[in-house]
């Protein structure tokens, strides 16, 4: 189960032992997910604050902006069984 962090300084400290930080950007907010060997940590913040925080992280940063597009594609794809029924 992920743990939400509210303190940006603690998030930076945890990032020192993290494998990667995934960044999800929405219209006015950014969600950062920090994967450590023990746990997944998340933090939500404003765009400007998140950009400053990302510059201080020492782990690998992965920008994931197509989250909604990928999710929509998975829902619309049909299984081989469904394709056979349509024919």
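Residue numbers (this note's numbering): 195 to 281. Idealized CB from N, CA, C, for every residue including glycine. Model, not experiment: these values are computed from the prediction.
In the DSSP assignment, residue 238 falls within the beta strand (DSSP E) that extends over 234–240. Judged by their CB atoms, residue 230 and residue 213 are nearer to each other than the 8 Å cut-off. For residue 228, no alpha helix (DSSP H) segment is defined; the enclosing uninterrupted segment is the beta strand (DSSP E) at 223–229.
Assigned with DSSP and collapsed to three states, residue 251 falls in coil, not helix or strand.
If you look at residue 209, you'll find it in the alpha helix (DSSP H) that goes 202–209.
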